[in-house]
Amino acid sequence: MKYHVAKDRLAYTGEQLRSNFAYLLFGVIGDSIVAFGGPCDVKQTEMVDIEDLKAENRIYSDNMLHFIVEHHDTDLEKGVLRQLLLVNIVKDLLNEQLGDRVVSRSHTDLFDGDSKLSISVATVTPVSSVIHFGINVSSLNTPVKTKGLADYSIEPLTFADRVVRKYVEEVDKIYKTRCKVKWVE
């Protein structure tokens, strides 16, 4: 599993949630997690979550920290479990950095009280499972009440580096755990 944190800003529109995004844009081939900062504006035509489509939700932020994960298997349930792993990693690292249990998780969303911090979705392509997780950097001009990393004085790219490294570490531990057990009859 490889990772990359991009220094250049990139807008997330939903079209980035596709197979081989990390390879095509950053040269990272294989299972990967990449992070980049930039605005978020997902149009209805790019939305994957049917509940958001039906509710005609607007997914928008002036500035988010985005993570795109790709694993080269097409098991959606496994993809959703990996999504939950990523969400919990972000929650734990935020609370660790804040020195308190400020951030809570409701399924795949993070909150501080009634302020939403993140968006997330997992889906599959013909060749892989993919995840997008975005956490607000700025809480300005969002369609719902939010908080962002700036509200906690957290530098986004430094935080992104911690997240991607921890995700790779946890996935590696899962792989090793699978390999160290024997089967039972």
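Sequential numbering from -7 applies to the sequence shown in the working numbering. For every residue, glycine included, the Cβ atom is placed at its ideal position computed from N, Cα and C.
| query | result |
| --- | --- |
| Residue-chain proximity (Ala(-2), chain B), Cβ-Cβ < 7 Å | Any reference to chain B falls outside this structure, which holds one protein chain only. |
| Ranges of the alpha helix (DSSP H) found wholly within the region 56 to 133, counting only runs of at least 4 | 68 to 90 |
| Straight-line gap, Tyr159 to Leu78 (C-alpha atoms, nearest Å) | 6 Å |
| CB-CB length for His(-4) against Phe13, believed under 8 Å | Incorrect: roughly 11 Å between the Cβ atoms, too far for contact. |
| Backbone secondary structure at Ile51 - three-state DSSP | strand |
| Contact between the region 22 to 40 and the region 61 to 71 (3+ Cβ pairs under 8 Å) | yes |
| Secondary structure of Ala(-2), DSSP reduced to three states | coil |
| Through-space distance from Lys174 to Leu141, alpha-carbon basis | 43 Å |
| For Ala3, the three-state DSSP class (helix, strand or coil) | coil |
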